[in-house]
Every structure is written in C-alpha cells, then in structure tokens.
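Structure, as structure tokens:
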Amino acid sequence: MKASDLFVQCLDAEGVEYIFGVPGEENADFMISLEQSDQIRFVLTRHEQGAAFMAEVYGRLTGHTAGCLGTLGPGATNLITGVADSNMDRAPMLVLTGQGSTARLHKESHQIMDAVDMFESVTKWATTVYNARTIPEIVRKAVRIARTEKPGAVHIELPEDIAKHEVDAKPMTPRRYR
Numbered sequence: 004m005k006a007s008d009l010f011v012q013c014l015d016a017e018g019v020e021y022i023f024g025v026p027g028e029e030n031a032d033f034m035i036s037l038e039q040s041d042q043i044r045f046v047l048t049r050h051e052q053g054a055a056f057m058a059e060v061y062g063r064l065t066g067h068t069a070g071c072l073g074t075l076g077p078g079a080t081n082l083i084t085g086v087a088d089s090n091m092d093r094a095p096m097l098v099l100t101g102q103g104s105t106a107r108l109h110k111e112s113h114q115i116m117d118a119v120d121m122f123e124s125v126t127k128w129a130t131t132v133y134n135a136r137t138i139p140e141i142v143r144k145a146v147r148i149a150r151t152e153k154p155g156a157v158h159i160e161l162p163e164d165i166a167k168h169e170v171d172a173k174p175m176t177p178r179r180y181r
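The numbering of the sequence shown is this note's numbering, which starts it at 4 and goes up by one.
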C-alpha cells in the first residue's frame with residue numbers, strides 16, 4: 004500500500020474523526036487516501052487558520068483529537084495562530100502539513116521552508132516522516148502526546164515523495180489507558 008494510505012489507516016485506528024483544512028498539491032496523495040476512509044470526515048475550510056481553530060474547538064469540547072491540514076509554505080504558516088492557541092488552551096490537535104520532495108528540501112525551492120522548526124515553539128512535539136515504515140509509530144506517539152497530561156497540539160509533516168512510497172507496515176493496535 005502507499006504510505007499515505009497507511010497514514011490514514013493509522014489515524015483511523017487512533018480514533019480521529021475529523022480533519023479540517025485546505026488541500027494542496029503536496030498533500031494530494033494524503034487527500035486521495037483520506038477519501039477512502041469511512042471513519043474520518045474531511046471538512047474543507049476557506050482558510051487554514053479557520054481549520055486550526057475548528058480542530059481546536061473540537062478538541063476542547065470533546066477531549067478527542069482532531070486534525071487540521073495545510074500544505075507547505077504559506078499553508079503551514081496560516082495554521083500557526085490556531086495551533087498556538089490550541090496548545091496554550093490545552094486542546095488536543097494533530098497538525099498535518101505537506102512538504103515538497105525530500106530531494107529538494109536542501110534547496111531554495113518554491114515554498115519550501117522548515118515548518119517543523121516553526122511549529123516546535125507552539126506544539127508539544129513536531130516531526131517529519133522520512134521513512135514510510137515509521138508512520139505507525141509516529142502517528143501513535145503524536146496522538147498520545149496530544150492527549151496526555153496537559154493536552155495540546157502536535158505537528159506531523161509528510162513530504163510528497165514519502166507519501167507515494169510503497170510500504171508493507173500496518174497500523175498499531177490502540178491501547179487505551181487512563
């Protein structure tokens with residue numbers, strides 16, 4: 004299966020019900036995979052900031068983790084205000100951003116920026132998926148960190164070339180705990 008399919012299956016397994024956001028070219032594979040999910044509902048928003056605030060309010064009212072989605076560059080920067088608010092208000096949230104191909108991350112390529120570095124100061128944890136086989140562990144860790152102790156926002160960046168990789172991993176079985 005494609006890594007983006009695995010990513011969505013892992014979100015399904017963790018009980019994510021909503022992702023609010025604006026799709027873009029770099030998260031197109033993720034969006035195609037998301038369409039196949041029976042559990043996760045994607046809510047298209049007009050602006051990424053609105054998506055972040057919607058995910059925050061959902062998390063604050065329900066205690067469950069919702070996602071907000073943006074593409075690279077300006078899409079990611081538009082999320083930052085709602086993400087910071089979610090983290091300060093202790094609402095569990097998954098921040099999902101696309102990224103350009105890993106082969107061009109070192110270049111001054113169109114709209115490529117270090118979103119993980121940007122989100123580190125306003126989230127509990129921020130990371131990039133560099134290996135498709137690590138997606139189940141990354142999603143599990145992200146959801147657990149978002150929900151535990153003082154809930155807050157967690158950021159996962161998925162580069163477009165990694166999203167296309169074929170992978171034979173499976174989602175981890177969730178273990179609920181108090």
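No residue lacks a Cβ here, since even glycine has one placed at the ideal position from N, Cα and C.
Q: Please report the Cβ distance between Pro95 and Ala16, rounded to the nearest whole angstrom; I am assuming they are in contact, meaning their Cβ atoms lie under 8 Å.
A: So it is not a contact: roughly 16 Å between Cβ atoms.
Q: Check Gly66 in the structure and name its three-state DSSP category.
A: Annotated three-state conformation of Gly66 is coil, per DSSP.
Q. If you follow the alpha helix (DSSP H) that Arg44 is part of, which residue opens it and which one closes it?
A. Here Arg44 belongs to no alpha helix (DSSP H); instead the beta strand (DSSP E) covers Arg44 to Leu47.
Q: Can you say whether Ser124 is buried or exposed, counting buried as having 16 or more other CB atoms within 10 angstroms of its CB?
A: Classification of Ser124: exposed, given that the 10 Å Cβ count is below 16.
Q: Out of Ala6, Gly78 and Gln12, state which residue places its alpha-carbon closest to the alpha-carbon of Phe23.
A: Minimum Cα distance to Phe23 is reached at Gly78.
Q) Residues bridged to Thr137 by DSSP? A) None; Thr137 has no bridge partner.
Q) In whole angstroms, what is the alpha-carbon distance linking Met91 and Pro26? A) So the alpha carbons of these two residues sit roughly 26 Å apart.
**Q.** Segments assigned alpha helix (DSSP H), at least 4 residues, entirely inside the region 14 to 54
**A.** Taken in chain order, the unbroken stretches of alpha helix (DSSP H) that lie wholly in the region 14 to 54 and span 4 residues or more are 31 to 37.
Q | Any non-hydrogen atom of the ligand GTP closer than 7 Å to Gly78 Cβ | A | In terms of ligand content, the structure shown is empty, and the ligand GTP therefore cannot be addressed.
**Q.** DSSP bridge partner residues for Pro162 (one or two, in chain order)
**A.** Answer by DSSP bridge pairing, in chain order: Gln102.
Q) Ala118 to Glu160, Cα distance in whole Å? A) Ala118 and Glu160 have their C-alpha atoms roughly 8 Å apart.
**Q.** Residues of its chain near Ala87, where Cβ-Cβ distance is below 7 Å and the 5 sequence neighbours each way are ignored
**A.** Counting only Cβ-Cβ distances below 7 Å, and skipping sequence neighbours, we find Val125.
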